[in-house]
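A.B. asks:
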Amino acid sequence: MKKQTILLVEADILARHPLAEYLRDCGYIVIEAVNPDEAQVLVSSGGSGFDAALIDAASVGEGGFKLVQWIRHNYPMVAISITGNIAKITDEARKLCDNGPELPKPRDHAAVLNHIKLLLAARERARRSE
Amino acid sequence: MGTQGAVLSLNLSDQRQSRRLQKTVMVVEDDVLIRSVFAEELRENGVSVIEAASADEAWRILTAGITIDLIFSDIVMPGTMDGNDLARRVNTTSPQIKILLTSGNTTASPDVKIERFLQKPYQPYLAIEIILKSLRLDGS
Chain G
1 MKKQTILLVE ADILARHPLA EYLRDCGYIV IEAVNPDEAQ VLVSSGGSGF DAALIDAASV
61 GEGGFKLVQW IRHNYPMVAI SITGNIAKIT DEARKLCDNG PELPKPRDHA AVLNHIKLLL
121 AARERARRSE
Chain L
1001 MGTQGAVLSL NLSDQRQSRR LQKTVMVVED DVLIRSVFAE ELRENGVSVI EAASADEAWR
1061 ILTAGITIDL IFSDIVMPGT MDGNDLARRV NTTSPQIKIL LTSGNTTASP DVKIERFLQK
1121 PYQPYLAIEI ILKSLRLDGS
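So the protein sequences, as listed, match chains G and L. Taken in order, the first sequence gives residues 1 to 130; the numbers are from our numbering. Taken in order, the second sequence gives residues 1001 to 1140; the numbers are from our numbering.
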């Protein structure tokens, strides 16, 4: 039976290597990429040869989402899974956002409006206190 | 060959395979296509392979205490170290690790102790032959 091929995208070699070896021991061919750019090169050259892609959540902010979209669009048969600490991404997003990414979908339009008002009011207060 | 002979042959083949898998080669190469294809070829030859995309990554593996028998490294790579720097450090900290360096546009520094320098582009089968020979896995 043909071995299935997994694309593993993980920047940390100390996390990537043991997982890749484990999956190889489980009978898969594992192709390793350090980042989404490398992954795209590999998928472009290997194309439909990949059966699944495991993409580290940490790479999502470094072009990982674009990679996922690109694979979805060009190779829809490749199963995609984002692995790792999703909560960490939320934490990082929280640091980048004012008041954090606290508006889950489906969005309550009134809640969005209220959130925007609070943000703008806080900004106005900060401006006045300068 | 009878059934018993076939089984014996299979067992010997398994033993040879498991002996080979006890050897670990770290391939250090920033070009993902070269690294990936070469690593797979090596694995098909029964060697356990660690793929590193830079000398810095390779150094992380070495300092994590993972046992490596041979390093096959490109010289020119992004990061804080190149292949010569990596070889120099390995010569000092783990002199038992064999090193092969390769490059298309520079050569190995004269102060590093290596098994051999391979000019790029190299034939993968030739590089694998040299690696297996260095690891004494070529059957000789």
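Glycine residues also receive a C-beta, built at the ideal position from the N, C-alpha and C atoms. Because the structure is a prediction, the values reported are computed rather than measured.
Does the beta carbon of T1089/L come closer than 7 angstroms to any beta carbon on chain G?
C.D. replies: Indexing the second sequence from 1 puts residue 1089/L at position 89. The sequence shown places Arg at residue 1089/L, rather than the Thr named in the question. Chain G contact via Cβ: absent.
A.B. asks: Does DSSP put L1137/L in a helix, a strand or coil?
C.D. replies: Your numbering for residue 1137/L matches position 137 in the second sequence. Residue state, collapsed to three classes: coil.
A.B. asks: Of all the CB atoms in chain L, is at least one closer than 7 angstroms to the CB of H73/G?
C.D. replies: Translated into the one-based positions of the first sequence, residue 73/G becomes position 73. Closer than 7 angstroms: no.
A.B. asks: For chain G, check one thing: does any of its Cβ atoms lie closer than 7 angstroms to the Cβ of A1108/L?
C.D. replies: The count along the second sequence starts at 1 and reaches residue 1108/L at position 108. False, the Cβ-Cβ gap to chain G never drops below 7 angstroms.
A.B. asks: Between the stretch 1064 to 1098 of chain L and chain G, which residues of the former have a C-beta closer than 7 angstroms to a C-beta of the latter?
C.D. replies: Residues A1064.
A.B. asks: Which of helix, strand or coil does DSSP assign to F1038/L?
C.D. replies: Within the second sequence, the letter at position 38 stands for residue 1038/L. Three-state DSSP puts F1038/L in a helix.
A.B. asks: From which residue to which residue does the beta strand (DSSP E) around T5/G run?
C.D. replies: For the purposes of this step, residue 5/G is identified with residue 5 of the first sequence, where counting begins at 1. First-last of the beta strand (DSSP E) with T5/G: 5 to 9.
A.B. asks: For L1033/L, return the contacting residues in chain G, with the cut-off set at a CB-CB distance below 8 angstroms.
C.D. replies: Indexing the second sequence from 1 puts residue 1033/L at position 33. Going along chain G in sequence order, the residues near L1033/L (Cβ under 8 angstroms) are V41, L42, S45.
A.B. asks: From the DSSP secondary-structure annotation, give me the bridge partner or partners of V1090/L.
C.D. replies: Taking the first residue of the second sequence as 1, we reach residue 1090/L at position 90. Its beta-bridge partners do not exist; DSSP assigns none.
A.B. asks: Tell me, please, whether the stretch 1022 to 1036 of chain L touches the stretch 1122 to 1138 of chain L by the rule of three or more beta-carbon pairs shorter than 8 angstroms.
C.D. replies: Yes, they touch.
A.B. asks: Which residues in chain L have a C-beta closer than 7 angstroms to the C-beta of I13/G? List them in chain order.
C.D. replies: Counting from one through the first sequence, the residue named residue 13/G turns up at place 13. In chain order: A1052, E1057, R1060, I1061.
A.B. asks: What distance in whole Å lies between the Cβ atoms of A110/G and S81/G, which are believed to be in contact at a cut-off of 8 angstroms?
C.D. replies: To locate residue 81/G, count along the first sequence from 1; it is residue 81. To locate residue 110/G, count along the first sequence from 1; it is residue 110. That pair is no contact at about 35 angstroms.
A.B. asks: Can you look up N1011/L in the DSSP assignment and give me helix, strand or coil?
C.D. replies: Here residue 1011/L refers to the residue found at position 11 of the second sequence. Legend: pLDDT at N1011/L = 45, less than 50; position of this residue unreliable, value from coordinates given subsequently. Here N1011/L sits in helix by DSSP.
A.B. asks: Go to D25/G, then tell me how far its alpha helix (DSSP H) extends in each direction, as first and last residue.
C.D. replies: In the first sequence, the residue the question calls residue 25/G occupies position 25. Counting along the chain, the alpha helix (DSSP H) containing D25/G begins and ends at 13 to 25.
A.B. asks: Does DSSP put F1072/L in a helix, a strand or coil?
C.D. replies: Mapped onto the second sequence, residue 1072/L falls at position 72. Of the three classes helix, strand and coil, the one that applies to F1072/L here is strand, per DSSP.
A.B. asks: E130/G touches chain L at which residues, Cβ-Cβ below 9 angstroms?
C.D. replies: For the purposes of this step, residue 130/G is taken as residue 130 along the first sequence, with counting starting at 1. The premise fails here: E130/G is roughly 41 angstroms from chain L at the closest Cβ pair, so nothing lies under 9 angstroms.
A.B. asks: Given a limit of 8 angstroms on CB to CB distance, which residues of the stretch 22 to 40 of chain G reach chain L?
C.D. replies: Per Cβ criterion, the list reads R24, I29, I31, E32, A33, V34, E38.
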